[in-house]
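In the numbering used here, the protein residues as written are 112 to 213.
Okay, structure coming up:
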């Protein structure tokens, strides 16, 4: 019997607070990415706005056998980023791929 597999992706467009250089941006974004990775065992990366010092596009992905678990993990990652006072989430978008998606 083949178990179903679900892949979830979360895209967060984030505005950074009092940041004046790309070096400062890295010092704010990297610890957040490390915390998400450690806490939720997901893949996470800064995936866009790489040349802008006050914006970051954070991508998170997770794979599991249960679609609800995937959604729960992505929701928790979004809440973690939203709870950081130095970050403002401008937009969040989730996608879920399951066995019916070819």
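Positions of the beta carbon are idealized from the N, C-alpha and C atoms, including for glycine. Just so you know, these numbers come straight off a predicted model, no measurement behind them.
Residue 204 vs residue 122 beta-carbon contact at 8 Å: Their beta carbons are under 8 Å apart, which means residue 204 touches residue 122 by this criterion.
Residues bridged to residue 207 (per DSSP): Its beta-bridge partners are 119.
Let me confirm a value: residue 150 is counted as buried when at least 16 other C-beta atoms fall within 10 Å, else exposed. Which label applies? Residue 150 sits exposed, since fewer than 16 C-beta atoms from the chains shown fall within 10 Å of its C-beta.
Buried or exposed for residue 201, please, with buried defined as at least 16 other CB atoms from any protein chain shown within 10 angstroms of its CB. By the beta-carbon neighbour count (other beta carbons within 10 angstroms, threshold 16), residue 201 is exposed.
Under the three-state DSSP convention, the category residue 157 falls into: Looking at residue 157 - three-state DSSP - the assignment turns out to be strand.
Please state the DSSP three-state secondary structure of residue 132. DSSP places residue 132 in coil when its eight states are reduced to three.
Closest by C-alpha distance to residue 120, when choosing among 156, 191, 167: In terms of Cα proximity to residue 120, the closest of 156, 191, 167 is 156.
Beta-carbon within less than 6 Å of residue 186's beta-carbon, same chain only, minus the 5 sequence neighbours each way: which residues are those? Excluding residues within five positions, none has a Cβ falling inside 6 Å.
If you drop the 5 nearest sequence neighbours on each side, which residues of the same chain put their C-beta closer than 7 Å to that of residue 178? Only 117, 207, 209 meet the Cβ criterion.
Determine whether the beta carbon atoms of residue 165 and residue 140 lie at a separation below 8 Å. In terms of Cβ geometry, residue 165 and residue 140 do not form a close pair [threshold 8 Å].
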